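Chemist:
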DNA sequence: TCTGTATGTAACACAGCAGTTACATACAAT
DNA sequence: ATTGTATGTAACTGCTGTGTTACATACAGA
């Protein structure tokens, strides 16, 4: 459940959300945020250590990709509560709709 | 997405998990943890303010219940990633199995 | 080889959070 | 009324985490 603590930070959440759109190098990621580049560098390290991103080296650039396995674990944790929600069938419908 | 930050704390996570089993008063909840009762009292306040629990007054006792709506919002947030996971059909199967 | 570019790390500052003890409040029961 | 029980709040402490600036490293290209 480390993903929970790591994603509690809004900047890291935003980084992950952005990387879903596609891989980006560290500089491009940092440019999107109002904080310093070293701060982003450390966020990326935290995300890396939690297995939420992976980096590939290309010359000086480090290109980051998302790695969704930890989110899946978080989802599995949530699953234990899902059965308590009222309109289960509605959610299943939504789930099915999402598949298209 | 406040649920994420609130549940990042393992004690609060444990409180929520316990309350799933059924409502409990503040004292009983506190007794389960190795920290002081006032510490638990503040955790309960944080959970209350995030809408994750609700309390009902019964004489001096405050009985706490879980309130799962925020977890559902978290689940909705996760849903945007779910479609990226490889074995979608497997998960749908698991979801269906869970309904029984 | 030297210069510029891309990135991570070190050292430090500051804020916020979770913990503690002491105290206040409120109700029940004798 | 007084005492005991249940709970929350106040004030304070210490740690962790996020931010900053300055520096190190590494590669590309002129």
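Residue numbers (this note's numbering), protein chains in the order written: chain A, 18 to 117; chain B, 18 to 117. No residue lacks a Cβ here, since even glycine has one placed at the ideal position from N, Cα and C. These numbers were taken from a predicted model, which means no experiment stands behind them.
So, for residue 29 of chain A: in the same chain, excluding its five sequence neighbours on each side, which residues have a beta-carbon less than 7 Å away from its beta-carbon?
Modeler: Contacts found: 23, 60, 63, 64.
Chemist: With a cut-off of 8 Å, does the C-beta of residue 92 of chain B fall near any C-beta of chain A?
Modeler: Chain A contact via Cβ: present.
Chemist: For a contact defined as C-beta to C-beta under 7 Å, what are the partners of residue 64 of chain A on chain B?
Modeler: Per Cβ cutoff of 7 Å: no residues; residue 64 of chain A is ~14 Å from chain B at best.
Chemist: Can you pull out the residues from the region 41-57 of chain B whose beta carbon lies closer than 7 Å to at least one beta carbon of chain A?
Modeler: Cβ contacts with chain A: none found.
Chemist: Pull up the DSSP beta-bridge partners for residue 75 of chain A, would you.
Modeler: According to DSSP, residue 75 of chain A bridges with A:78.
Chemist: Compute the Euclidean distance between the alpha carbons of residue 84 of chain B and residue 20 of chain B, then round it to the nearest angstrom.
Modeler: Answer to the nearest angstrom: the Cα atoms are 11 Å apart.
Chemist: Excluding the five sequence neighbours on either side, which residues of its own chain have a C-beta within less than 8 Å of the C-beta of residue 70 of chain B, listed in chain order?
Modeler: Excluding positions up to five away in sequence, the list reads 32, 33, 36, 61, 64, 81, 82, 83, 84.
Chemist: So what does DSSP say about residue 52 of chain A, is it helix, strand or coil?
Modeler: Three-state DSSP puts residue 52 of chain A in coil, outside helix and strand.
Chemist: Alpha carbon to alpha carbon, how far is residue 55 of chain A from residue 97 of chain B?
Modeler: Answer to the nearest angstrom: the Cα atoms are 29 Å apart.
Chemist: Which residues, taken in chain order from the region 20-42 of chain B, show a beta carbon closer than 9 Å to some beta carbon of chain A?
Modeler: Here the close residues are 21, 22, 23, 24, 25, 26, 27, 30, 33, 34, 37.
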